[in-house]
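Just below is one structure, and these are the notes that go with it.
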Amino acid sequence: MTERTTTATARVPAPGRPARADSRVAGALFVDMDGRRARYECYRTGCPNSLEGPVRAIDRDPSDPTGKRLLGIDGLTAFISGVKDQHLNTHHRSTR
153 MTERTTTATA RVPAPGRPAR ADSRVAGALF VDMDGRRARY ECYRTGCPNS
203 LEGPVRAIDR DPSDPTGKRL LGIDGLTAFI SGVKDQHLNT HHRSTR
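Using my numbering, read the sequence shown as starting at 153 and increasing by one per residue.
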């Protein structure tokens with residue numbers, strides 16, 4: 153599994169742990185291109201849903217009533233493109 157992150161100097165908290173008060177990172181998007189997975193972790197204090205995903209290309213598409221269609225790369229790309237904004241709108245009543 154190859155997970156790429158560019159947060160080494162940004163004081164990212166450990167997964168599942170809240171951010172420190174002086175942290176510059178409020179959330180992180182992790183994308184595994186080998187396994188075609190992605191997840192978003194929110195580090196804001198008191199977040200009611202700190203983990204979005206993980207989403208995989210081989211997951212079933214929730215919009216397919218037959219339950220046979222897979223999410224695929226397009227569905228994974230859509231998750232990656234919109235997860236931060238959707239999370240902020242839903243759980244923090246904010247666009248940023």
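Think of the CB as a built atom: it goes at the ideal place given N, C-alpha and C, for glycine as much as any other residue.
Give the straight-line distance between the Cα atoms of residue i and residue j, rounded to the nearest whole angstrom.
i	j	result
A162	I210	Caution is warranted here: a pLDDT of 49 is assigned to A162, below 50, making its placement in the model unreliable, and the coordinate value is therefore given only provisionally. If I take the Cα positions, the gap works out to 32 Å.
C199	H243	7 Å
P177	G224	For the sequence presented, residue 177 should be read as Val rather than Pro. Those two C-alpha atoms are separated by around 29 Å.
D237	F182	15 Å
V207	D184	10 Å
F231	A190	8 Å
R212	K220	7 Å
Taking the alpha helix (DSSP H) that residue i belongs to, which residues open and close that run?
i	result
V235	224 to 243
Under 8 Å between the Cβ atoms of residue i and residue j?
i	j	result
H239	Y195	no
R188	L222	no
Ends of the beta strand (DSSP E) at residue i?
i	result
G219	Careful: G219 lies outside any beta strand (DSSP E) and carries neither H nor E.
A180	179 to 184
A190	189 to 194
P206	203 to 208
What residues in its chain sit with their C-beta under 6 Å from that of residue i, if we drop five residues either side in the sequence?
i	result
E204	Y192, V235, H239
Ordered along the chain, which non-local residues of its own chain (more than five positions away) have a Cβ less than 8 Å from that of residue i?
i	result
G179	Y192, E193, C194, Y195, R196, K236, H239
D216	none
For residue i, which residues of its own chain have a beta-carbon under 7 Å away from its beta-carbon, when the five flanking residues on both sides are left out?
i	result
T218	none
R245	none
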